[in-house]
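If you read the sequences in order, they're chains Y and U. Counted from 1, the first sequence has number 142 at position 143 by numbering that gives the first Met the number 0; the numbering is strictly sequential. Counted from 1, the second sequence has number 142 at position 143 by numbering that gives the first Met the number 0; the numbering is strictly sequential. Even glycine gets a Cβ: it sits at the ideal position worked out from N, Cα and C. A quick note: this is a predicted structure, and the numbers were derived from the prediction, not measured. Structure first, then comments.
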Amino acid sequence: MNSFYPNQGVIKKVKFETTNTNTYTLAYSDQKLQKDFSPAPGQFIMLSIFGVGESAISLSEICKNGSIITTIRDVGSVTNSIISLKEGDYIGIRGPYGNGWPLDKIKGKDILIVSGGMGIAPLRGVINYIKNNRKEFGYLEILYGARTPDDMIFTYEFDKWRKIRKTRLELTVDSMPVKSQFECQLGLVTSCFPRMKSKPRNSVALLCGPEIMIRYAAKCLETIGFKDNQIYLSLERRMKCGIGKCGHCQVGLKFVCKDGPIFSYRDIKPFIHPL
Amino acid sequence: MNAYVIDKGSLNVLLDRFLNEYKVYGPTKPGMDSTFDEIHFIKDLHLDYISTILPPKKFFHPPKETLFSFEIKNRKFSSNEIIKDDKILLFGIHPCDVHAILKLDKFFSGDFKDLYYQNRRKNSIIIALNCIEPCENSFCTSTKTGPFLKDGYDLLLTDIGTKYLLEIGTKTGRFLIERLNLKKANKVDINEKNKRLKLMEKKFKKFLNISLLPRIARENTDHKVWIDLAERGGVAGSFPCLSCGSCTFVCPTCYCYDVYDTMDISLKSGTRNRELDSCQLLEYAAVALDGNFRRDRKDRIRHWMMCKFGAAAGGESSSCVGCGRCIRVCPSKIDITEVAKVIRGG
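Printed below as a string of C-alpha cells:
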C-alpha cells in the first residue's frame, strides 16, 4: 500500500459556517474504505486537490457510519480551491493520521476546553463524545474565543452544548463590529480564566487554536495551578506527507504528524516557547 | 574465511561481471572533484577519490522524483503509480556513505513505509571501499562510521598495496563473485588491512565528541553560539550563515523533502512530485497567513545543527556520519565540529 497515494472521495454535503469557512461531509468512493474509516477525535486527514496540492485538515466530527466531516477555512491555495468545490465534486483523501485526544486518560476527570478560532474544530469531536458518554466525565467547561462573533463556527451547536448537564460555555471575541449576529464578552480567551469554574484538582485542560494562544493559555493555566501533565494541546504545522518522513512539521524532538498532533504540555513545553 | 584478494590490474574482471547484469554507478572524476556516475568501462572508474560532492543518497532519495501521475476526467481523477524496478550496483562507496544509507533505511521504514525508497534500496547492491587516506574535513573516526566498514555491504574492498582485499558481507555478494576463481586471502593480507586501519586512524585532524551530544545540544538551545553562527560569525573563523542550504543538500543523512503538483497545459493531467527541501530556507517552516515557525536565521541553523547532533525529530537516523561535506561546501566556513566544541564548553 503506497502511503502517498490519495483515495478518491466525494463531497456529500456542504454546510455554511462563516463567509470563508464551510463544513464538508465527505465519503470515500470505495465502499470498503468508507466502512473501515474509524478515526478518533483529534486525528487529521490529508486532502488533495490534484494540480494544487495537499493539506492536513483536522476532523471536526466523528461519525459512526464512516463519513468524514471536516471544517475548512480559506487561508491558502489548497483550502481556497476546496472552498470553491460543490456537492458532488471529487477530492483526494488519505488518512486518518496522528494520535488523537487521549480519551482514556481523561475519563473520570473534569474537562476544561480552551479553543481559539478554528481550534474548536478538532475539539468538537471531544465535546460530542463527552455529551454522549456524560457519566464518564466530570464537569465540562468550554471557553471559545474568536476574532468577531461572525468568525465563530459551529454557532448552531452552542445551545446544544449549553444544555449538556454540568456544562458551562463561555464565548469571547477580540472585537465586536456593529450588526454582529450575537453579543459576547470582549477579550482574549485567557481573559475567561478568572471567571471559570474549573479547579486544577482532578481536571484536564484541552487546548487548540493559534500557537500564540496555546502558548499563553498553557502558561496561564500553569500559574493558576494546573500541572503540565494535566494540559494537552493540539499543534499544527504545514505538513507535506503526514507520515513523519518529509521533516516539515518537526517541533524539537517530535514530528507533529506522527507523534502528535496532540501532545502533553509536559513533553512539548521545552520546544514550543520561542527562545 | 570470507575474504579473497584481487590484483589491482585485474579489477576489470570484477567490473565486467557486474556490468553484465547491473547498471553500475561508481566514483568518476570529470573535473576537479569526483562524483558518482554511471560506469561503462574500467577507465571511467576513479577509485582513488576523496569524498564526492553529492553523497550516494541521490540514487535512493533522488533530488527530484515523480511520485505518481494523475488524470482528471469528468471531474473524477485516476492516478498511476510510478515505481521503477531498475537494478543498480554502487561500486566503491566509502564507509561514511554506507552508514548514511543504513540510517536512511531505518528512517524510511517504520509504521509508514516509503515504498519508493525501499524499492530502490531493495534493487541495489553495495560494493563498499574502505578509506586509506582521510578526507581533509572528515571526522568519521569520531562518529564511529569509518574509516573501515564493519557491516552494511554486499562486498567490501580494501586497498592493501598492489592488491585489493575482497570481503563478503551477504549472500548476494557471495553469488556475485562465485565463478570468478579469486584467490583466497591469507593471514598476511588480513594483517596488512589491520595495520593500515591503525595507521589511518592516526591521520585524522578533525574530531567530534558524540558522547551525550544530543542531550548537551538540547540543553543549550539558548547558547550564544547560535547567534554567532547566524548573525555575527566568528565561530572558529567562520562568517555569518547565508542560509544558502548547501550543507543540507550535500548531507548524506538529510532527508527532508517538499511535495508539489505540476499540471499539464491542458489542465487534464499532471504529476505529483517531490524534491529535496532544506530547513535552511525561509519557506521551509512557513504556514498559511504569513506565519513562519523559523523566521530567524538563528532558529534555522540551530535546527540543522541539532538535527545533525541527533537532537531533532529524526533522532539517530538523521545524525552526522562525519563525512565532512558540509564543511567543504560552506561558503561561510562554518565547521560543525567547532560548533560542537563550543556548546560542550571547550
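Along the stretch 253-268 of chain Y, going in chain order, the ones with a CB nearer than 8 Å to a CB of chain U are Lys253, Phe254, Lys257 and Asp258.
Apart from sequence neighbours up to five positions away, the residues of its chain that approach U/Ile126 with a beta-carbon distance below 6 Å are Phe90 and Leu154, ordered along the chain. Residue contact check for U/Ser78 against chain Y: a CB pair falls below 8 Å. Under the Cβ criterion of 8 Å, U/Ala339 is not counted among the residues facing chain Y. With 16 or more neighbouring CB atoms inside 10 Å of its own CB, U/Lys162 falls in the buried class.
Nearest to U/Cys255 by alpha-carbon distance, out of U/Asp96, U/Lys56, U/Cys240 and U/Leu288, is U/Lys56. Taking 8 Å as the threshold, the shortest C-beta distance from U/Ile131 to chain Y does not fall below it.
Boundaries around Y/Gln33 are those of the alpha helix (DSSP H), Gln30 to Asp35, since no beta strand (DSSP E) includes it. With contacts defined as CB atoms closer than 8 Å, Y/Ile92 and Y/Ile10 fail to qualify as a contacting pair. Y/Ile163 places its beta carbon 8 Å or farther from that of Y/Ala204. With a cutoff of 8 Å on beta-carbon distance, Y/Cys191 and Y/Leu122 are scored as not near each other. Along the length of the stretch 145-205 of chain U, whole beta strand (DSSP E) runs at least 3 residues long occupy 154-158 and 162-167, reported in chain order. For U/Asp104, the nearest beta carbon of chain Y is not closer than 8 Å to its own beta carbon.
Interface flag for U/Phe107 against chain Y is set, since a Cβ pair is found closer than 8 Å.
The beta carbon of U/Phe69 falls within 8 Å of a beta carbon belonging to chain Y, placing the residue at that interface. Per DSSP, reduced to three states, the secondary structure at Y/Tyr27 is strand.
In the DSSP assignment, U/Lys223 falls within the unbroken alpha helix (DSSP H) covering Lys223 to Ile226. Against chain U, a Cβ distance below 7 Å from Y/Ile242 picks out Phe111.
Interface with chain Y (8 Å Cβ-Cβ cutoff): U/Gly244 is excluded.
Shortest Cα-Cα distance from Y/Asn64 to any of Y/Ile105, Y/Ile82, Y/Asp35 and Y/Phe49 involves Y/Asp35.
Nearest to U/Cys325 by C-alpha distance, out of U/Leu53, U/Ile71 and U/Leu266, is U/Leu53. Neighbours of U/Met262 across chain Y, judged by C-beta separation under 7 Å: Gly50.
For U/Pro239 against U/Phe308, the beta-carbon gap comes to about 20 Å, at or over 8 Å, which does not count as contact.
Here U/Phe248 carries a helix assignment [DSSP, helix/strand/coil].
Close to chain U, meaning a Cβ-Cβ distance shorter than 8 Å, are the following residues of the stretch 221-241 of chain Y: Glu235, Arg236, Arg237, Lys239 and Cys240. Apart from sequence neighbours up to five positions away, the residues of its chain that approach Y/Asn6 with a beta-carbon distance below 8 Å are Tyr27, Ser28, Asp29, Leu32, Gly91, Ile92 and Arg93, ordered along the chain. Within chain U, no C-beta atom comes nearer than 7 Å to that of Y/Phe36; the closest sits roughly 17 Å away.
Counting along the chain, the unbroken beta strand (DSSP E) around U/Arg271 starts and ends at Ser268 to Leu275. Residues of the stretch 216-234 of chain U with a C-beta atom less than 8 Å from some C-beta of chain Y are Arg217, Thr220 and Asp221, listed in chain order. By the criterion of at least three beta-carbon pairs nearer than 8 Å, the stretch 59-67 of chain U is not in contact with the stretch 325-344 of chain U. For U/Lys75, the residues of chain Y that pass the 8 Å Cβ criterion are Gln7 and Tyr89, in the order they occur in the chain.
For the stretch 18-67 of chain U, the continuous alpha helix (DSSP H) assignments of 4+ residues that do not extend past its boundaries occur at 56-59, in sequence order. Taking all protein chains shown into account, Y/Pro193 has fewer than 16 neighbouring C-beta atoms within 10 Å of its C-beta and is therefore exposed. Boundaries for Y/Gly94: no alpha helix (DSSP H) harbours it, while the beta strand (DSSP E) harbouring it runs Tyr89 to Tyr96, taken from the DSSP string. Taking 8 Å as the CB threshold, U/Cys134 stays off the interface with chain Y.
Contact with chain U is absent for Y/Ser114, since none of that chain's Cβ atoms lies less than 8 Å from the residue's Cβ.
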